[in-house]
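Step one of this worksheet: look at the structure below.
Number of protein chains: 2
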Amino acid sequence: MYTIGQISEMFNLPISTLRYYDKQGFFPGMKRTSGIRKFGDEEIETLKVIECLKKSGLELKDIRQFIDWCARGPATYPERKALFERQREQVEGKIARMHKVLDMLKFKCWYYEQALADGGEEKIKAMIPEGLPGEIRAAYQSAHQE
Amino acid sequence: MYTIGQISEMFNLPISTLRYYDKQGFFPGMKRTSGIRKFGDEEIETLKVIECLKKSGLELKDIRQFIDWCARGPATYPERKALFERQREQVEGKIARMHKVLDMLKFKCWYYEQALADGGEEKIKAMIPEGLPGEIRAAYQSAHQE
DNA sequence: TCTTGACCTAAAGTCAGGTTTAGGATTTAT
DNA sequence: ATAAATCCTAAACCTGACTTTAGGTCAAGA
Chain A
-1 MYTIGQISEM FNLPISTLRY YDKQGFFPGM KRTSGIRKFG DEEIETLKVI
49 ECLKKSGLEL KDIRQFIDWC ARGPATYPER KALFERQREQ VEGKIARMHK
99 VLDMLKFKCW YYEQALADGG EEKIKAMIPE GLPGEIRAAY QSAHQE
Chain B
-1 MYTIGQISEM FNLPISTLRY YDKQGFFPGM KRTSGIRKFG DEEIETLKVI
49 ECLKKSGLEL KDIRQFIDWC ARGPATYPER KALFERQREQ VEGKIARMHK
99 VLDMLKFKCW YYEQALADGG EEKIKAMIPE GLPGEIRAAY QSAHQE
């Protein structure tokens, strides 16, 4: 069993955030001794899931909904499964979009490297898109499609 | 030249957002005819860069800083280059973290599929982590390390 | 015993990034 | 020429996710 301060260090989250999560109902079974919160294995796993679902783009109220499903037992397995499948798709899409962002950034890195070497942008601008070197052209086109 | 409504459709952004960006100084050279905004190629490229930098995790005030650098000419090439290199690293890190999130989600998808098949979680919980099938064990361990 | 550090609550405050509202002006189609 | 759609501004409002404040309780070491 851990105190709020230990969990704060463990997860690198402010104490105020942990209290806020508790107030929002994320730790329904948490024990206390004379008012002081005791975080156990269950709460630690919950925090891992909160972090995961947050990073997947879910809002706290929807994470709260998941916590409620957990408390309602096996009858909600289908909802929980569907949630994770949905978030999995979301994250797969997100990663794909991030690769496009990365292509734009790669192009811009090259662009300013050239601009710095040439002392201006005119020469580069005239190269877009046909005259760009192969790898850069691919990044440019990936970033500018649609 | 395009009206705000056309740009709104083109980028799938609310008109109010475009006006908000304008008010924040993102289109310093934008023309108007009798008060009505005219978006040109420059503004379109700016919007693409805003979208890219936003998705890379940059705040609007830092994107605004970049716009100001652009207006100050070639003297700021080093700052602009450094910005894109920094954001490129950020996004590479972000993608790596998203793969870990994805591993957690894959594990949870499998978990609830099993729970649904078994009618309970006891059997699965007893398998963690040694008894898990290879691919699932890898995802579990990737998601639970540190 | 006393004091210091870690814990507690409720309620108000903060911040980013917009969105809505209210009241007009302009442009386009009929 | 008039009606409908689209544009404008300033200012107030909103949302999510915390954080800070103010005032107090608890536990462990000197």
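For the record, the sequence lines run as chains A and B. Residue numbering for the first sequence follows the working numbering, starting at -1 and increasing by one per position. Residue numbering for the second sequence follows the working numbering, starting at -1 and increasing by one per position. Backbone N, C-alpha and C define an ideal beta-carbon position, used for all residues, glycine too. Every value quoted in this text rests on a predicted model; they were computed, and no experiment measured them.
Any beta carbon from chain B within less than 8 Å of Y75/A's own beta carbon?
To locate residue 75/A, count along the first sequence from 1; it is residue 77. Chain B contact via Cβ: present.
Report the residue ranges of all beta strand (DSSP E) runs contained in full by the stretch 6 to 67 of chain B; include only those spanning at least 3 residues, in chain order.
As far as the stretch 6 to 67 of chain B is concerned, its whole beta strand (DSSP E) runs of at least 3 residues are 29 to 31 and 34 to 36.
Taking all protein chains shown into account, decide if T44/B is buried (16 or more other Cβ within 10 angstroms of its Cβ) or exposed.
Walking along the second sequence from the start, residue 44/B turns up at place 46. With 16 or more Cβ atoms within 10 Å of its Cβ, T44/B is classed as buried.
Closer than 8 Å by beta-carbon distance: list the chain B residues that pair up with Y114/A, in chain order.
For this step, residue 114/A is matched to residue 116 along the first sequence. Checking the displayed sequence, the identity of residue 114/A turns out to be Leu instead of Tyr. Correct list: Y75, P76 and K79.
Do R84/A and Q22/A count as a contact pair if the criterion is CB distance below 8 Å?
One-based indexing of the first sequence puts residue 22/A at position 24. One-based indexing of the first sequence puts residue 84/A at position 86. Cβ distance not < 8 Å, so Q22/A and R84/A don't count as in contact.
Under the DSSP definition of a beta bridge, which residues are partnered with P75/A?
The residue given as residue 75/A occupies position 77 in the first sequence. Per the sequence shown, the amino acid found at residue 75/A is Tyr instead of Pro. Beta-bridge pairing links Y75/A to no other residue.
For I34/B, does the count of other Cβ atoms within 10 angstroms reach 16, so buried, or fall short, so exposed?
Translated into the one-based positions of the second sequence, residue 34/B becomes position 36. With fewer than 16 Cβ atoms within 10 Å of its Cβ, I34/B is classed as exposed.
Mind checking E90/A: buried by the 16 CB within 10 Å criterion, or exposed?
Along the first sequence, one-based indexing puts residue 90/A at 92. Under this definition E90/A is an exposed residue.
For S140/A and chain B, any beta-carbon pair shorter than 8 Å?
The residue labelled residue 140/A in the question sits at position 142 within the first sequence. Chain B, which has no Cβ nearer than 8 Å to the Cβ of S140/A, makes this no.
Quick one: is R35/B near chain A, going by C-beta distance under 8 Å?
Translated into positions along the second sequence, residue 35/B becomes position 37. It does not: the Cβ of R35/B has no partner Cβ on chain A nearer than 8 Å.
Who are the neighbours of F64/B on chain A, taking C-beta pairs under 9 Å?
Indexing the second sequence from 1 puts residue 64/B at position 66. Per Cβ cutoff of 9 Å: no residues; F64/B is ~10 Å from chain A at best.
Please work out which residues of its chain come closer than 7 Å, Cβ to Cβ, to L81/B, disregarding the five sequence neighbours upstream and downstream, and give them in chain order.
As a first step, residue 81/B is located in the second sequence; it is residue number 83 there, counting from the start. Cβ neighbours of L81/B beyond the five flanking positions: F64.
May I ask you to verify whether the stretch 1 to 19 of chain B touches the stretch 126 to 133 of chain A, counting CB pairs closer than 8 Å and requiring at least 3?
Too few Cβ pairs lie closer than 8 Å, so no.
Could you compute how far the alpha carbon of H97/B sits from the alpha carbon of L58/A?
Residue mapping note: residue 97/B aligns to position 99 of the second sequence, counting from 1. Residue mapping note: residue 58/A aligns to position 60 of the first sequence, counting from 1. Each residue's alpha carbon lies about 21 Å from the other.
Contact defined as beta carbons within less than 8 Å: I believe L103/A pairs with C50/B. What is the distance between those atoms, to the nearest angstrom?
Taking the first sequence and counting its residues from 1, the one referred to as residue 103/A is at position 105. Taking the second sequence and counting its residues from 1, the one referred to as residue 50/B is at position 52. The Cβ separation is near 7 Å, so the contact holds.
For T31/B, which of A124/B, Y75/B, I2/B and A113/B has the nearest alpha-carbon?
The residue given as residue 31/B occupies position 33 in the second sequence. T31/B has its Cα closest to that of I2/B, out of A124/B, Y75/B, I2/B and A113/B.
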